[in-house]
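*Asks:*
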Amino acid sequence: MYSRFALFLSLMILVTLGSAQFASAQNSSVAPMVRLVDSGKMPEDRLPTILGLICKRGDAVDLRYVFDKAISTEEFSPKTQLITLELLANTTRDRKLKPEGDLTSLGKALETAISNENVAMQKQLIQLIGLWDIKELAGDLEKSLQNPKTPRSLTGSIITALADLGGKDAKQTIVSLTTPKHSKAVRAQAIEALAGIDLSLAAESAAKFLSEATPEDNLNNVIQPFLDRKSGPEALGSALANVEIQPDVAKLAIRTMLTSGRNEAVISDPLSKAAGLDTNMEPLTKEELAQLAQEVQQHGDAERGELIFRREELNCYKCHSIGKAGGNIGPDLSAVGGSSPIDYLANSLLLPSQAIKEAYKTLLIVDIDGLQHTGIVVDEDDDRIILRDAQGKEKTIAVDDIEFEKEGDSLMPAGLTKFLTDQEFLDLVRYISALGKDPGYTMSADPTVYRWRVYQNPPSKVTGELFDDDSVRNMLFEYAPEKWQPLYAFASGNISMQEAREKTGGNVIFLMADFEVTVAGHISIDLTSTEGMTIWIDDKRVSATDLKNLHVDQGQHRLLLRLDRAAYSKPELKAVIRKGENPAAEYTIQVGN
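For the sequence shown, my numbering begins at 175 and goes up steadily by one.
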């Protein structure tokens, strides 16, 4: 009898608490939006916008309301659930605010995501466990880490969450993962997490990793954590003095650091010594620059220089754009050759920080946790500053969290050219000096697609002769950004089929271009050739003749091409999207990176 009464009382308390939370949310500043969501009348595609506003303006009670909705399998679809949890995570990062009350129900939500094999949901829930410091679920994370059925793509998130939770057990687990008995990918992820717990020990582990690394290894997780922390460069530099590193690995480590927009001498000096590179970067005199400009004109080759510019290891497109296709961290270079003398361009490559335009000046911020943030100021107000870093990612830092800030150097650090031979440097400068000036290096006057995306390693169900449209639609609309890699056109507007084939990993190539229609109407799409090609606009397959005066509605659209290299014989491809007739559409071809 007593147990029944106790159970009844417990249920009443839970119901009362839930009702109180809902009532409190109904009385908050975002009450109208809460009522709109709770009415169930809101179209699902509009829910993320409303929920985002609640997260941006609401208090902890409002966030609890959103959280309860997000983990309820009956309220939202899996897609909306995931978006909502991401909104909550961003709110915690930006506003230092989380839902009120007991949040251990994340554990149950994680079990559901595991049983449904929803990896994206698992990843987001794991991140929230660490972000919200739910120590009661640390054991669940450690079990997932040891479970051989746990997808390897989740390992990094689990390690990071354990580091966020802290504690002696978590540290021991992470330290054990830095040892050689684990894969290098896991070791690198563990080193990154350990840097937030014990910087000195992480530096020793990183140095040991580098001493055993090969040029094929990814070093970003091993280098970047030390660049992100106030005393990180000194810790890593000190540890590097005690190990021997292969010259090619040392070069790769320096390149990894430089492409992050930083050049820390305490790290680059020992690495340069191991790589056999000159560490001296003395400015050239006026006479030396004049002599260099003459050598560029006499011996530089723009065609070879364009290929050097496009090398992935130099990451030029990460920061710069040509035809507005590429990064937006540095200036667009489409017409730079017509406006800047050769000696200026050469010096800008050697010492980028000597002449930074106002729009590209950087800010270095150290926050109260000792983390360093460097980037171009995108936006700021009394509450936060938004920086765009060298990878093109935007970071929001609360003003109250800033301990120190100062004007920084260029995000293109000095030293990138040390990986080039003298001839390669001459060729690169010659190419940049030709942009916007020499024939073949001026942007096409036609509305040309300069930024494509190419699908890496497409599945066999879409590469075989009997592929079906449904499989292609799923590949297109279950959009996985990590699979669609950018492919930039040459200045002429052509893309190389050989380069596309190398990126895709096979003879069947999927290429995608985006455009936005602001006024519905007709467009015409001109392609170099349509042999061996299957074409879709959004999810509709179209013929080559359909492209001549195609009606498109207002909104975002995608052009998708499937090319079979056995039938498409042209070495290049160019796409021009023109206005059609009766009536003509108004549109913009999407660029950027």
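For glycine and all other residues, C-beta sits at the position ideal for the given N, C-alpha and C.
In this text the structure is predicted, and so the values were computed from the model without any measurement.
Here's the rule: buried if 16 or more other CB atoms are within 10 angstroms of the residue's CB, otherwise exposed. What is N681?
*Replies:* Translated into the one-based positions of the sequence shown, residue 681 becomes position 507. Burial call: exposed.
*Asks:* Kindly indicate the opening and closing residues of the alpha helix (DSSP H) around P407.
*Replies:* Counted from its first residue, the sequence shown places residue 407 at position 233. Run containing P407: G406 to L414, per the alpha helix (DSSP H) assignment.
*Asks:* Output needed for A776: all residues of its chain with C-beta closer than 7 Å, excluding positions within five of it in sequence on either side, in chain order.
*Replies:* No information on residue 776 is available, as it lies outside the stretch 175 to 767 that the chain covers here.
*Asks:* Could you round the C-beta distance between A359 and T334 to whole angstroms and report it? I think they count as a contact, below 8 Å.
*Replies:* Counting from one through the sequence shown, the residue named residue 359 turns up at place 185. Counting from one through the sequence shown, the residue named residue 334 turns up at place 160. In fact, because the Cβ distance is near 14 Å, the residues do not count as touching under 8 Å.
*Asks:* Compare the beta carbon distance of E581 and I539 with 8 Å and say whether it is the shorter of the two.
*Replies:* Here residue 581 refers to the residue found at position 407 of the sequence shown. Here residue 539 refers to the residue found at position 365 of the sequence shown. No, the pair does not count as a contact, with Cβ atoms beyond the cut-off.
*Asks:* What residue range does the beta strand (DSSP E) around R736 cover?
*Replies:* Start at 1 with the first residue of the sequence shown, and residue 736 comes out as number 562. Element bounds for R736: G729 to D738.
*Asks:* Under three-state DSSP, which class holds G549?
*Replies:* Locating residue 549 in the sequence shown gives position 375, counting from the first residue. Three-state DSSP puts G549 in a strand.
*Asks:* In chain order, what residues of the same chain lie with their CB nearer than 6 Å to the CB of S743, ignoring the 5 residues before and after it?
*Replies:* If you number the sequence shown from 1, residue 743 lands on position 569. The answer is none, since no qualifying residue turns up.
*Asks:* Starting from F383, trace the alpha helix (DSSP H) both ways and give me its first and last residue.
*Replies:* Position 209 of the sequence shown, counting from 1, holds the residue named residue 383. From DSSP, the alpha helix (DSSP H) with F383 extends over L373 to E386.
*Asks:* Leaving out five residues before and five after A197 in sequence, what residues of the same chain have Cβ atoms less than 6 Å from its Cβ?
*Replies:* In the sequence shown, the residue the question calls residue 197 occupies position 23. With a pLDDT of only 49 at A197, under 50, the local geometry of the prediction cannot be trusted, and the value read off the model is given with reservation. There are no such residues.
*Asks:* Answer yes or no: do V417 and S607 have a C-beta to C-beta separation smaller than 8 Å?
*Replies:* Residue 417 sits at position 243 when you count from the first residue of the sequence shown. Residue 607 sits at position 433 when you count from the first residue of the sequence shown. Taking 8 Å as the Cβ cut-off, V417 and S607 do not qualify as a contacting pair.
*Asks:* Taking 8 Å as the cut-off, does the region 624-639 touch the region 492-500 (at least 3 CB pairs, one atom from each stretch)?
*Replies:* They touch, by the three-pair rule.
*Asks:* Should E480 go down as buried or exposed, given a rule of 16 or more other Cβ atoms within 10 Å for buried?
*Replies:* One-based indexing of the sequence shown puts residue 480 at position 306. Per the 10 Å Cβ criterion, buried.
*Asks:* Leaving out the 5 sequence neighbours to the left and right, which residues in its chain are closer than 7 Å to R429 when beta-carbon positions are compared?
*Replies:* Counting from 1 along the sequence shown, the entry for residue 429 is found at position 255. Excluding sequence neighbours, R429 sits near E487 and F593.
*Asks:* State the CB to CB distance for the pair R403 and Q546, rounded to an integer number of angstroms; the pair is presumed to be in contact (CB under 8 Å).
*Replies:* Residue mapping note: residue 403 aligns to position 229 of the sequence shown, counting from 1. Residue mapping note: residue 546 aligns to position 372 of the sequence shown, counting from 1. With 8 Å as the limit, R403 and Q546 qualify as a contact, their Cβ atoms being about 6 Å apart.
*Asks:* Going by DSSP, which residues form a beta bridge with S495?
*Replies:* Indexing the sequence shown from 1 puts residue 495 at position 321. G500, per the DSSP bridge assignment.
*Asks:* Assign T536 to one of two classes, buried (16 or more other C-beta atoms within 10 Å of its C-beta) or exposed (fewer than that).
*Replies:* Here residue 536 refers to the residue found at position 362 when the sequence shown is read from its first residue. Label assigned to T536: buried.
*Asks:* Just grab the DSSP bridge partners of F684 for me.
*Replies:* Position 510 of the sequence shown, counting from 1, holds the residue named residue 684. Partner(s): R736.
*Asks:* Does the Cβ-Cβ distance between M686 and L747 come in under 8 Å?
*Replies:* In the sequence shown, the residue the question calls residue 686 occupies position 512. In the sequence shown, the residue the question calls residue 747 occupies position 573. Going by C-beta atoms, M686 is not nearer than 8 Å to L747.
*Asks:* Are three or more beta carbon pairs between the region 731-742 and the region 702-714 nearer than 8 Å?
*Replies:* yes
*Asks:* For L721, tell me which candidate among I257, D242 and I751 has the shortest Cα-Cα distance.
*Replies:* What you label residue 721 is simply residue 547 of the sequence shown in a count that begins at 1. Of the candidates I257, D242 and I751, the one whose C-alpha sits nearest the C-alpha of L721 is I751.
*Asks:* Any idea what DSSP makes of S670, helix, strand or coil?
*Replies:* The residue labelled residue 670 in the question sits at position 496 within the sequence shown. Three-state DSSP puts S670 in a strand.
*Asks:* From T433 to T459, what distance separates their C-alpha atoms?
*Replies:* Start at 1 with the first residue of the sequence shown, and residue 433 comes out as number 259. Start at 1 with the first residue of the sequence shown, and residue 459 comes out as number 285. Rounded to the nearest angstrom, the two C-alpha atoms are 27 Å apart.
*Asks:* Please return the same chain residues whose Cβ sits closer than 6 Å to the Cβ of A369, not counting the five positions on each side in sequence.
*Replies:* Position 195 of the sequence shown, counted from the start, is the residue given in the question as residue 369. Only A376 and P399 meet the Cβ criterion.
*Asks:* Pull up the CB-CB distance for F689 and Q597, whole angstroms please, since I reckon it's below 8 Å.
*Replies:* Position 515 of the sequence shown, counted from the start, is the residue given in the question as residue 689. Position 423 of the sequence shown, counted from the start, is the residue given in the question as residue 597. Between Q597 and F689 the Cβ distance is about 40 Å, and since that is not below 8 Å, they are no contact.
*Asks:* Alpha carbon to alpha carbon, what distance is there between K569 and G549?
*Replies:* Looking up residue 549 in the sequence shown gives position 375. Looking up residue 569 in the sequence shown gives position 395. Rounded to the nearest angstrom, the two C-alpha atoms are 9 Å apart.
*Asks:* Find out if the Cβ-Cβ distance for the pair A344, L351 is shorter than 8 Å.
*Replies:* Along the sequence shown, read from residue 1 onward, the residue named residue 344 stands at position 170. Along the sequence shown, read from residue 1 onward, the residue named residue 351 stands at position 177. No, the Cβ-Cβ distance between A344 and L351 is not below 8 Å.
*Asks:* Please report the Cβ distance between S202 and I245, rounded to the nearest whole angstrom; I am assuming they are in contact, meaning their Cβ atoms lie under 8 Å.
*Replies:* The count along the sequence shown starts at 1 and reaches residue 202 at position 28. The count along the sequence shown starts at 1 and reaches residue 245 at position 71. Going by Cβ atoms, the distance from S202 to I245 rounds to 20 Å, so no, they are not a contact pair.
*Asks:* Short check: CB of N723 to CB of S698, under 8 Å?
*Replies:* On the sequence shown, residue 723 is found 549 positions in, with the first residue counted as 1. On the sequence shown, residue 698 is found 524 positions in, with the first residue counted as 1. A contact, by the Cβ cut-off of 8 Å.
*Asks:* Pick helix, strand or coil for P660, following the three-state DSSP scheme.
*Replies:* The residue given as residue 660 occupies position 486 in the sequence shown. The answer is strand: DSSP assigns P660 an E or B state.
*Asks:* Leaving out five residues before and five after T762 in sequence, what residues of the same chain have Cβ atoms less than 6 Å from its Cβ?
*Replies:* As a position in the sequence shown, residue 762 is number 588, starting the count at 1. These residues qualify, in order along the chain: E690.
*Asks:* CA-CA distance, D563 and E639?
*Replies:* On the sequence shown, position 389 is the one that residue 563 refers to. On the sequence shown, position 465 is the one that residue 639 refers to. Between D563 and E639, the C-alpha separation is close to 44 Å.
*Asks:* Looking at the unbroken beta strand (DSSP E) that takes in I397, where does it start and where does it end?
*Replies:* As a first step, residue 397 must be located in the sequence shown, where it is residue number 223. No beta strand (DSSP E) holds I397; the alpha helix (DSSP H) holding it covers N394 to L401.
*Asks:* Using three-state DSSP, classify F578 as helix, strand or coil.
*Replies:* Counting from 1 along the sequence shown, the entry for residue 578 is found at position 404. Strand at F578.
*Asks:* Just to confirm my understanding: we take L221, look at its own chain, exclude 5 residues before and 5 after, and list those with CB closer than 6 Å. What are they?
*Replies:* Position 47 of the sequence shown holds residue 221. Contacts found: T254.
*Asks:* Let me know the secondary structure DSSP gives K297 once reduced to three states.
*Replies:* Position 123 of the sequence shown, counted from the first residue, corresponds to residue 297. Residue state, collapsed to three classes: helix.
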